[in-house]
Amino acid sequence: MDKTYQPNAIEQQWYKTWEDNGYFKPSGDTAADPYCIMIPPPNVTGSLHMGHGFQESIMDALIRYHRMKGDNTLWQVGTDHAGIATQMVVERLLAAEGKTRHELGRDQFIEKVWEWKEESGGNITRQLRRLGASPDWSRERFTMDDGFYKAVQEVFIRLYEDDLIYRGKRLVNWDPKLHTAISDLEVLNEEEQGHLWHFRYPLTDGSGHLVVATTRPETMLGDTAVAVHPEDERYKHLIGKTIKLPLADREIPIIGDDYVDREFGTGCVKITPAHDFNDYEMGQRHNLEMINILDADANLNDNVPEKYRGMERFAARQQIVDDLDTIGCLEKIEPHTLKVPRGDRSGVVIEPWLTDQWYVRTQPLADEAIKVVEDGRVNFVPKNYENMYFSWMRDIQDWCISRQLWWGHRIPAWYDNDGKVYVGRSEEEVREKHNLGDIELRQDDDVLDTWFSSGLWTFGTLGWPEETPELAAFHPTSVLVTGFDIIFFWVARMMMLTLYFKKEVPFHTVYVHGLVRDSHGQKMSKSKGNVLDPIDLIDGIDLESLVSKRTSGMMQPHLRDKIEKQTRKEFPEGLAAYGTDALRYTYYSLASTGRDIKFDVGRIEGFRNFCNKIWNASRYVLQNCEGHDCGQDGSENFELSIADRWIISQLQRTEITVKEAIDSYRFDLASQALYDFVWSEYCSWYLELSKPVLWDDNASDAVKKGTRRTLIRVLETTLRLAHPLMPFITEEIWQRVKELAGQSGDTIMLQKYPVANEHRIDENAEAAIAWLKGVIEGVRNIRGEMNISPAKSIPLILRNVSAADQKLLDQTRTLLTKLAKLESIDSLPAGADAPASSTALVGELELLVPMAGLIDVEAESARVQKEIDRLSKELAAVSGKLSNANFVDKAPEEVVNKERARLADLEIAHSRFVQQLESLKNL
Numbered sequence: 012m013d014k015t016y017q018p019n020a021i022e023q024q025w026y027k028t029w030e031d032n033g034y035f036k037p038s039g040d041t042a043a044d045p046y047c048i049m050i051p052p053p054n055v056t057g058s059l060h061m062g063h064g065f066q067e068s069i070m071d072a073l074i075r076y077h078r079m080k081g082d083n084t085l086w087q088v089g090t091d092h093a094g095i096a097t098q099m100v101v102e103r104l105l106a107a108e109g110k111t112r113h114e115l116g117r118d119q120f121i122e123k124v125w126e127w128k129e130e131s132g133g134n135i136t137r138q139l140r141r142l143g144a145s146p147d148w149s150r151e152r153f154t155m156d157d158g159f160y161k162a163v164q165e166v167f168i169r170l171y172e173d174d175l176i177y178r179g180k181r182l183v184n185w186d187p188k189l190h191t192a193i194s195d196l197e198v199l200n201e202e203e204q205g206h207l208w209h210f211r212y213p214l215t216d217g218s219g220h221l222v223v224a225t226t227r228p229e230t231m232l233g234d235t236a237v238a239v240h241p242e243d244e245r246y247k248h249l250i251g252k253t254i255k256l257p258l259a260d261r262e263i264p265i266i267g268d269d270y271v272d273r274e275f276g277t278g279c280v281k282i283t284p285a286h287d288f289n290d291y292e293m294g295q296r297h298n299l300e301m302i303n304i305l306d307a308d309a310n311l312n313d314n315v316p317e318k319y320r321g322m323e324r325f326a327a328r329q330q331i332v333d334d335l336d337t338i339g340c341l342e343k344i345e346p347h348t349l350k351v352p353r354g355d356r357s358g359v360v361i362e363p364w365l366t367d368q369w370y371v372r373t374q375p376l377a378d379e380a381i382k383v384v385e386d387g388r389v390n391f392v393p394k395n396y397e398n399m400y401f402s403w404m405r406d407i408q409d410w411c412i413s414r415q416l417w418w419g420h421r422i423p424a425w426y427d428n429d430g431k432v433y434v435g436r437s438e439e440e441v442r443e444k445h446n447l448g449d450i451e452l453r454q455d456d457d458v459l460d461t462w463f464s465s466g467l468w469t470f471g472t473l474g475w476p477e478e479t480p481e482l483a484a485f486h487p488t489s490v491l492v493t494g495f496d497i498i499f500f501w502v503a504r505m506m507m508l509t510l511y512f513k514k515e516v517p518f519h520t521v522y523v524h525g526l527v528r529d530s531h532g533q534k535m536s537k538s539k540g541n542v543l544d545p546i547d548l549i550d551g552i553d554l555e556s557l558v559s560k561r562t563s564g565m566m567q568p569h570l571r572d573k574i575e576k577q578t579r580k581e582f583p584e585g586l587a588a589y590g591t592d593a594l595r596y597t598y599y600s601l602a603s604t605g606r607d608i609k610f611d612v613g614r615i616e617g618f619r620n621f622c623n624k625i626w627n628a629s630r631y632v633l634q635n636c637e638g639h640d641c642g643q644d645g646s647e648n649f650e651l652s653i654a655d656r657w658i659i660s661q662l663q664r665t666e667i668t669v670k671e672a673i674d675s676y677r678f679d680l681a682s683q684a685l686y687d688f689v690w691s692e693y694c695s696w697y698l699e700l701s702k703p704v705l706w707d708d709n710a711s712d713a714v715k716k717g718t719r720r721t722l723i724r725v726l727e728t729t730l731r732l733a734h735p736l737m738p739f740i741t742e743e744i745w746q747r748v749k750e751l752a753g754q755s756g757d758t759i760m761l762q763k764y765p766v767a768n769e770h771r772i773d774e775n776a777e778a779a780i781a782w783l784k785g786v787i788e789g790v791r792n793i794r795g796e797m798n799i800s801p802a803k804s805i806p807l808i809l810r811n812v813s814a815a816d817q818k819l820l821d822q823t824r825t826l827l828t829k830l831a832k833l834e835s836i837d838s839l840p841a842g843a844d845a846p847a848s849s850t851a852l853v854g855e856l857e858l859l860v861p862m863a864g865l866i867d868v869e870a871e872s873a874r875v876q877k878e879i880d881r882l883s884k885e886l887a888a889v890s891g892k893l894s895n896a897n898f899v900d901k902a903p904e905e906v907v908n909k910e911r912a913r914l915a916d917l918e919i920a921h922s923r924f925v926q927q928l929e930s931l932k933n934l
């Protein structure tokens, strides 16, 4: 093995070997339990971000774990056609050539999109490979491939025939730049500074006026009512009267509705049913007229007074305010912070807009989807996410499934010249079914919402509507791994559609993970400059490249400068190359159920050190086992020492803990148990305990063989135990140790996952080594406190030795002498005086190290006093800062907390040195 661990030297070559040899495919063993995970299909335009990295690492750990358990595993992979995002990418490419999609026409534009997809659409799948993801790439699907199109078309047609799909005019989120309806998930609601305009609406009978407040003055031209709370003493006598809408010259009613918040503003609310979702619902309840005042560009249309027709909406806003002011109807303008809806792709303000769209009637589908969670056929982990699911599903609205795009699944509907609609698999089928002859038909221009096609993901990818062997073997799937933010958009829709068409659940478990945030808990976003690229963490990136990457495309100089400064401060040397295994292990360590993940680069550095520890431990094992009899031939002529029996016992307990943790989706607990065993037990203690045996010329061959056998077998088993979490380093080392450990095979990923043997748990050996560790640590603490060199042999006297202590001493004397670097071990008879010593306790057993000849008490006392004086000064300074109310009140909370933590550390250190000085005085 190389002296140092270099992940870039092993990772990509191992991945190629795995993929080339088809190790990711299902075993095809029909006697084995099936285990299937469906990848949440990333956008074909996408690139790997921290959330993807976290989610894919979780799925890969599960699939590798079940593959090693012998299950017939399928991790189904694929990408989503991402209607809006992909169309925008290709339109930008055309714009660079001075062309538009309209100049090309629909068919040629779609050809261009397919060309782009083949050439550039595989970036995220290449990055998934870098992460070590092991799906069955031979079955990779795309939501626009022929087979999947057939499934999408079939679902639409059947739902339409079953009266669960209809076309109707309703309010949608309209993107005026992209000219399409978009889903709530594609709308970003972020706080912005705006205004609240207060307008006077005169009562028709001349008896006064009502004051209404609005953040969107232009919509007042579409008002069809003013609402008040029916029990509001100020206004309830006006219900049923009318007001004269300024500028529009229309009379509109005053209505009473419980929705109105009496405490907000004036308690009077203008109602614009065609341009506000809440107003739309109120309009439905009160049978109000719906007046659409905007066109597809969000310019004012012919339903407004002539003066404003054709005006851009924000220009019209200013004109309307000016005109209302002129006629005395502007009461006041206040600054107001509000949430502005913007399209996540276009960046423009989204308008609620009344338009004809296709809808799914969701309530009939939702009822069964609620029932399967209630009766336990589908379980959420953590369980509290069931409440979020239920609240959405029990208040579900019909689902708008049409989008005004060219890229996507075109709606299989045709219209005649009278507007009558015909739905079918093709124009020929429609003509034949409805006996239409040669009459002119045109196909609907709209495509289906991307969530509609991805809602069929679990069964569409397995070949439905055909009854394929894969569908029979792997459906329902085992677990869905997803973020809570798409429970409604994706999880719920898969549940509804799968239950309707397959009459079974799509998956048995929904594991809901948190969202990856930065180390301060902030959402990662380009505008905040806190985005981390998983590939940069794997390969490393220099500071200038990182700055360039984080600031690219930013038009505002002040924001660009801020992010550059922030990046240079946070990563003055750029990012080191940590490797995939260290990144993955960091994800697992943070994966406590359901909580958002604060990602700190410091943690990945710690797990890179963990990889180094495993590498160096393996080198030590190989150096001491290669060329020796380690029992690989199966012979039994060996003897296990108490240390051997202890580490084997600890391994069994670790196997139990890791299995239970993975089975319950507690990857944080699994990774912690494995880390503690490898670092604290195997590397820090067992390797040291092996040296007195292997380096002792007087030790028997049987004992040495037992130790070598244990060294190599525990290492090999640990590699298999860790493989689902750290695939690359475990494969590389396993290939070098497998034969010594009596194993064979081409890859670790197809080996048996370790199963604990409880008969090999040895409580006596555990007690003995626990006692030994306690004594060694006690002696080492005395050395540290008294500044005695670790290389100097020292005497140890034991006082208050029980029969149990004596027995443990007899079992471990050789190990204790070697590891604690002792020149002698003596027991002090009861009642005898002890020499001047430094002491430590292990239970009731007292450890005494005589100081005579070991230290210069006077010089050591002076050194300790100097440390006490230094710490006292620091304590005074930090205490003074924290007692200053000005500092505590005005400094950022994280700065104050840092100082408090520093104070606590100083107090502990100060106390330790004071105690040490007292000990020196007693010598």
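Here the working numbering is used: the first residue of the sequence shown is 12, the next is one more, and so on.
In this text, a Cβ means the ideal position worked out from N, Cα and C, and glycines have one as well.
For residue j and residue i, the rounded distance between their alpha carbons
i	j	result
His190	Trp364	11 Å
Lys932	Ser872	8 Å
Tyr319	Trp417	32 Å
Gln602	Lys394	According to the sequence as given, residue 602 is Ala; it is not Gln. So the two alpha carbons sit approximately 16 Å from each other.
Glu834	Leu865	12 Å
Asn19	Ala733	19 Å
Arg791	Thr850	11 Å
Leu491	Gly116	40 Å
Leu258	Asp287	20 Å
Gly233	His248	25 Å
Ile304	Ile168	34 Å
Phe618	Met737	11 Å
Met507	Trp501	10 Å
Residue i vs residue j beta-carbon contact at 8 Å
i	j	result
Pro846	Pro861	yes
Leu554	Glu575	no
Gln663	Asn768	yes
Leu196	Leu376	no
Trp403	Ala503	yes
His519	Asn390	yes
Tyr730	Cys636	According to the sequence displayed, residue 730 carries Leu and not Tyr. Going by C-beta atoms, Leu730 is not nearer than 8 Å to Cys636.
Cys47	Leu73	no
Thr461	Ala224	no
Ala654	Val669	no
Met70	Arg747	no
His420	Val163	yes
Close Cβ partners of residue i (< 6 Å) along its chain, the five nearest in sequence each way excluded
i	result
Asp816	Leu856
Tyr16	Cys622, Asn623 and Trp626
Tyr433	Trp425, Val441 and His445
Gly62	Val527
Same chain, Cβ closer than 7 Å to residue i, neighbours up to 5 away in sequence not counted
i	result
Val360	Val351, Pro352 and Arg353
Tyr697	Ala654 and Ile658
Counterpart residues of residue i in DSSP-defined beta bridges
i	result
Ala236	Ile282
Phe210	Val223 and Leu341
Closer than 7 Å: residue i CB and nearest the ligand ADP heavy atom
i	result
Lys431	By its list of ligands, the structure shown contains no ligand whatsoever, and the ligand ADP lies outside what it can speak to.
Proximity test, Cβ basis, 8 Å: residue i and chain B
i	result
Pro840	No chain B is part of this structure, which consists of one protein chain only.
Those runs of the alpha helix (DSSP H) which lie wholly inside the stretch 656-687 and span at least 4 residues
Annotation note: the stretch 656-687 contains the following uninterrupted alpha helix (DSSP H) runs of length 4 or greater, listed N- to C-terminal: 678-686.
Taking only runs that begin and end inside the stretch 315-342, name each unbroken alpha helix (DSSP H) of 4 or more residues, in chain order.
DSSP assignment within the stretch 315-342 yields the following whole alpha helix (DSSP H) runs of 4 residues or more, N-terminal first: 324-337.
Secondary structure, beta strand (DSSP E): runs of 3+ residues fully inside the stretch 831-919:
Fully enclosed beta strand (DSSP E) runs of 3 or longer: 833-838, 848-853 and 856-861.
Ordered list of alpha helix (DSSP H) runs contained in the stretch 246-301, each at least 4 residues
The DSSP assignment places 288-297 as complete runs of the alpha helix (DSSP H) inside the stretch 246-301, in order along the chain (cut-off: 4 residues).
Run through the stretch 476-525 for me and flag every whole alpha helix (DSSP H) of 4 or more residues, listed as ranges in chain order.
Unbroken alpha helix (DSSP H) runs of no fewer than 4 residues, entirely contained in the stretch 476-525, are found at 480-485 and 504-513, following chain order.
What are the complete alpha helix (DSSP H) segments, minimum 4 residues, inside the stretch 92-179?
Runs found: 94-107, 112-115, 117-131, 134-141 and 157-172.
At what residue ranges does the stretch 729-758 contain a whole run of the alpha helix (DSSP H), taking only runs of 4 or more?
Note on the stretch 729-758: whole alpha helix (DSSP H) runs with a minimum of 4 residues are 738-748, in chain order.
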